[in-house]
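To start, the structure itself, in structure tokens.
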Amino acid sequence: MDNNILYEKVIEDLINNNYAQVDGFFTESTCIGLRDLLLEKEQDGVFKKANIGNKVNAKEALAIRSDKISWIDNESENEFEKSFNFQIDDFCTYLNRTCYTGIKDWEFHYALFEKGAFYKRHIDRFKNDISRKYSIVTYLNQNRQADDGGALMIYTNEGAITILPEWGRTVIFKSDLLEHEVMVSKKDRLSITGWLK
């Protein structure tokens, strides 16, 4: 699909529903490369327990979230991270040109929800930092079944929306608007999560 058509569909869904779900936002080869990188980093012990809050007030809160993360360098020279960052940059440029969003930066990390891991209901904007504008998550599990858990629940005025973490699926929503949570995962759940700022 042409990127501009893809981006317009995302924008339309954001306007109508406050979130967008799209398969194929990143190429198959990019998703495979990123999944392999995530697994390599896990083998190398790079992942750390995720905190809540930002650098100013970060704290570990295992009752709220139990995933592990590893940050992605925006200037990475790895071909798959470079492809990922290029696509994000292209999307931000389009949003800024067509919707005047004023996005200047982004931050993303690999996320690993091991068996039993979860992230309780929350919103993605900090009280002391309102820079996050859009939240984005892309799933990197192949052959995942509905009963494997780890679904994303998004809470709207119309009720809860369940989004299954299927291979290559990308979900985008306003960081300050929609509460959401990750349900308990019954198998390892792999993704890239981040924010446009």
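So for the sequence shown, this note's numbering puts the first residue at -1; every next one is plus one. Don't be surprised by glycine CBs; every beta carbon is placed ideally from N, CA and C. For clarity, every value in this text was computed on a predicted model and none was experimentally measured.
Residue burial classification, Ala144 (beta-carbon count within 10 angstroms, cutoff 16): exposed
Every unbroken beta strand (DSSP E) inside the region 8 to 93 [3 residues or more]: 17 to 21, 66 to 70
Test item: CB-CB of His178 and Ile152 under 7 Å: yes
Any beta strand (DSSP E) of 3 or more consecutive residues that is wholly inside the region 117 to 176: 117 to 120, 132 to 137, 150 to 154, 157 to 161, 167 to 172
Beta-bridge pairing of Ala109 - partner residues as DSSP gives them: Ile67, Ser189
Neighbourhood of Ala56 by C-beta, 6 Å cutoff - its chain only, sequence neighbours within 5 removed: Here the model assigns Ala56 a pLDDT of 44, short of 50, so the residue's position is not dependable, and the following value carries that caveat. Excluding positions up to five away in sequence, the list reads Asn49.
Local Cβ density within 10 Å of His107, reported as buried at 16 or more and exposed below that: buried
Same chain only: Cβ atoms within 8 Å of Gly147, ignoring 5 sequence neighbours per side: Met181, Val182, Ser183, Lys184, Lys185, Arg187
Reference Gly22; option with closest CA among Gly166, Thr91, Ile30: Gly166
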